[in-house]
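Just remember that the numbering used here sits 508 ahead of the position in the sequence shown, which is counted from 1.
Just so it is clear, CB atoms sit at the ideal spot from N, CA and C, and this is done for glycine as well.
Note sheet for the following structure.
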Amino acid sequence: DNRRQQQQSGQSVTTAASSLTPSSFPEKDIREITKKGFTRERAIEELKSTDGDVTKALVTLITKSLTIYKQKD
Numbered sequence: 509d510n511r512r513q514q515q516q517s518g519q520s521v522t523t524a525a526s527s528l529t530p531s532s533f534p535e536k537d538i539r540e541i542t543k544k545g546f547t548r549e550r551a552i553e554e555l556k557s558t559d560g561d562v563t564k565a566l567v568t569l570i571t572k573s574l575t576i577y578k579q580k581d
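Written as structure tokens, this is what we have:
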């Protein structure tokens with residue numbers, strides 16, 4: 509479907525453009541998160557969702573990255 513392809517290509521352009529735009533967060537805060545192994549994009553995304561709180565952003569990212577194993581009964 510041509511419309512779907514246009515939407516998908518528009519989304520990728522938007523994503524690429526947002527990666528290039530400067531962040532409203534201090535570079536040192538972003539760097540603190542990326543030093544822990546997270547991408548710049550994820551760092552900025554989490555900083556947005558935590559109103560710029562680096563500690564909360566890191567805790568959230570680490571929590572999301574954990575895999576919880578279920579015990580077999």
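Item: How many angstroms separate the CA atom of THR568 from the CA atom of GLU554?; Value: 8 Å
Item: Let me know if THR523 comes out buried or exposed under the rule of 16 or more other beta-carbons within 10 Å of its beta-carbon.; Value: Note on THR523: pLDDT 47, under 50, position unreliable in the model; the coordinate value appears next. Looking at its Cβ environment, which holds fewer than 16 other Cβ atoms inside 10 Å, THR523 is exposed.
Item: If we ignore side chains and look at the alpha-carbon of each, how far apart do ALA525 and GLU549 end up?; Value: Residue confidence is low: ALA525 scores 45 on pLDDT, short of 50, so the model does not pin down where it sits. Its coordinate-derived value is still stated next. Straight-line Cα distance between these residues: approximately 12 Å.
Item: If you draw a straight line from the C-alpha of SER531 to the C-alpha of LEU574, how long is it?; Value: 27 Å
Item: Using the rule of at least 16 other Cβ atoms within 10 Å of the residue's Cβ for burial, across every protein chain shown, is ILE570 buried or exposed?; Value: exposed
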